[in-house]
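2 protein chains.
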Amino acid sequence: MSDLLERLRGRGWRMTAQRRVVAEVLDGDHTHLTADEVHARAVVKLPEISRATVYNTLGELVSLGEIIEVSTDRRAKRYDPNAHRPHQHLVCSRCGAIRDVHPTGNPLATLPDSERFGFTISDVEVTYRGVCPSCAS
Amino acid sequence: MSDLLERLRGRGWRMTAQRRVVAEVLDGDHTHLTADEVHARAVVKLPEISRATVYNTLGELVSLGEIIEVSTDRRAKRYDPNAHRPHQHLVCSRCGAIRDVHPTGNPLATLPDSERFGFTISDVEVTYRGVCPSCAS
DNA sequence: TCCTACACTAGACACTGTCTAAGTCAAGCA
DNA sequence: TGCTTGACTTAGACAGTGTCTAGTGTAGGA
Ligand SMILES: [Mn+2]
Ligand SMILES: [Mn+2]
Ligand SMILES: [Zn+2]
Ligand SMILES: [Zn+2]
Chain A
410 MSDLLERLRG
420 RGWRMTAQRR
430 VVAEVLDGDH
440 THLTADEVHA
450 RAVVKLPEIS
460 RATVYNTLGE
470 LVSLGEIIEV
480 STDRRAKRYD
490 PNAHRPHQHL
500 VCSRCGAIRD
510 VHPTGNPLAT
520 LPDSERFGFT
530 ISDVEVTYRG
540 VCPSCAS
Chain B
410 MSDLLERLRG
420 RGWRMTAQRR
430 VVAEVLDGDH
440 THLTADEVHA
450 RAVVKLPEIS
460 RATVYNTLGE
470 LVSLGEIIEV
480 STDRRAKRYD
490 PNAHRPHQHL
500 VCSRCGAIRD
510 VHPTGNPLAT
520 LPDSERFGFT
530 ISDVEVTYRG
540 VCPSCAS
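From first to last, the protein sequence lines are chains A and B.
Letter by letter, the first sequence follows residues 410 to 546 in our numbering.
Letter by letter, the second sequence follows residues 410 to 546 in our numbering.
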C-alpha cells in the first residue's frame, strides 16, 4: 500500500494524514467496506477525519483505478481494494456476505451480436445471489 | 392487464382506484419506470394518489411476482412489467437507456462449483454496460 | 345500509451521498 | 527555516430515494 501512496504522490497528490489513513484502512484485509465503514475505521486512527473527506478520497481512488466500486445491494456502495484482478461477486441474500468469484469464460461473450442493438459494450457486472453455508444451517 | 387485476382480486386484494391506476401505468409500453415516474403518470389519471401508495403497490406487485425490480444504477429502482420471461439488461453509460437482453446459455452455469463456496445459488443478475448507437454518433 | 378491516394520505423520518463556505496546511520557494 | 498559496479538510446543510406512522377513508361482506 506504500506503493499506492507513492503512485498517488507521483500523480501530484498532497499527502495528508487523512489520505494516508484511508489508504491504511483499505490496505487491511477488510474488503467491500462501505464509505461509512471506512470512515468508522479511519476515525479510530484520526478522530477528526470527516465523512466528506472519506467520500472524496474514495471517489478519487476509484477515478485512479486503485479501488473499485461495488453495488451488490441498493444500500451503500462498497469499496474494493482488489482492483488488480477482474472478478464478480457472490452475495448471501440472508446475511449480505460478499465473496469474490471468477466465472468461467468472458462474461462479455455471453451476449450475442443480435442482442447488442448497436451498443458498444465495455463492461459487464454479474451478481450471483444465494444462501451462504452458515445461513443455510 | 385485466388478467392482472383478476389475479389480484383472486388473491384477496381490494380493488381500489389507486391500484387500478398503477396497473394501467405498468400496462403501457413504458417499461423500467422508477416509482416516481409511475407516480407522475398515475397522478394524471388520479390526481390525489399518494407517493406512499405507489411505493406500496409496486412492492406488493413485486412480492406477487407480477413485476420485477431492476437496479441498473445507484439511483432509483426501476419496475419492469416484463416478469414472464427471464432476461438481463443492457444499459447506456451516457444516457441511461435500458434494453432487455437475452444472453446465451444459463448465466448460473458460468460459475463453477469450485467458486461457489458452499452457497446455494438461486439467482444471477447481469448488467451489460456500453454506449448506445445514438450516444455514439 | 352498516360495519370493519384493509387501504390511502400527508408528512415526518432515515439513509446515502453531494455540496458549500470557511478554515487549515502541505509543499515549493526565498 | 519561514512565507505563500492553492489544494485540502471540515461541519453541516442539502438532495434523492425510500420507509413509516397516525389519522382518515372506503371496498366489500353481513
Ligand atoms: Mn470484490
Ligand atoms: Mn427488463
Ligand atoms: Zn449468509
Ligand atoms: Zn445512450
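Don't be surprised by glycine CBs; every beta carbon is placed ideally from N, CA and C.
| query | result |
| --- | --- |
| Buried versus exposed, by CB contacts within 10 Å (16 or more), Gly-539 (chain B) | buried |
| CA-to-CA distance, Leu-499 (chain A) to Asp-532 (chain B), given in whole angstroms | 10 Å |
| Residues in the stretch 459-491 of chain A having any Cβ partner in chain B nearer than 7 Å | Ser-480, Arg-483, Lys-486 |
| Any non-hydrogen atom of ligand 4 closer than 6 Å to Arg-487 (chain B) Cβ | no |
| Segments of 4+ residues assigned as alpha helix (DSSP H) that fall wholly inside the stretch 430-500 of chain A | 444-454, 460-472 |
| Chain B within 7 Å of Val-447 (chain A), Cβ atoms only | no |
| Any non-hydrogen atom of ligand 4 closer than 6 Å to Ala-506 (chain B) Cβ | yes |
| Alpha carbon of His-493 (chain A) to alpha carbon of Gly-419 (chain B), nearest angstrom | 53 Å |
| Closer than 7 Å to chain A by CB, Arg-416 (chain B) | no |
| For Thr-536 (chain A), the three-state DSSP class (helix, strand or coil) | strand |
| Any C-beta of chain A under 7 Å from that of Cys-504 (chain B) | no |
| Identity of the residue in A:Ala-449, A:Trp-422, A:Thr-519 nearest Leu-435 (chain A) by Cα | A:Ala-449 |
| Own chain residues within Cβ distance below 7 Å of Pro-475 (chain A), not counting five before or after | The question names Pro, yet the displayed sequence has Glu at residue 475 (chain A). The answer, listed in chain order, is Leu-413, Ala-492. |
| Partners in chain A for Thr-352 (chain B), counting only beta-carbon separations shorter than 9 Å | In this structure chain B extends from 410 to 546, so residue 352 (chain B) is not present and cannot be described. |
| Any non-hydrogen atom of ligand 1 closer than 6 Å to Asp-509 (chain A) Cβ | yes |
| Among A:Thr-466, A:Thr-513, A:Arg-416, nearest to Leu-520 (chain B) - alpha-carbon criterion | A:Thr-513 |
| Chain B residues whose Cβ lies nearer than 7 Å to that of Arg-508 (chain A) | Phe-526 |
| Contacts of Asp-532 (chain B) in chain A (Cβ-Cβ under 9 Å) | Ser-502, Thr-536, Tyr-537, Arg-538, Gly-539 |
| Short-range partners of chain A found in the stretch 511-522 of chain B, where Cβ spacing is below 8 Å | His-511, Pro-512, Thr-513, Gly-514, Pro-516, Leu-517, Thr-519, Leu-520, Pro-521 |
| Beta carbon proximity, Pro-495 (chain A) to chain B, threshold 7 Å | no |
| Proximity of Thr-443 (chain B) and Ala-506 (chain B) at Cβ, strictly below 7 Å | no |
| Chain A contact residues for Ala-545 (chain B), given Cβ-Cβ distances below 9 Å | Gly-527, Phe-528, Thr-529 |
| Buried or exposed by the 16-neighbour rule on C-beta atoms within 10 Å, applied to Asp-489 (chain B) | buried |
| Own chain, CB closer than 6 Å to Thr-466 (chain A), minus 5 neighbours either side, in chain order | Arg-428, Val-431 |
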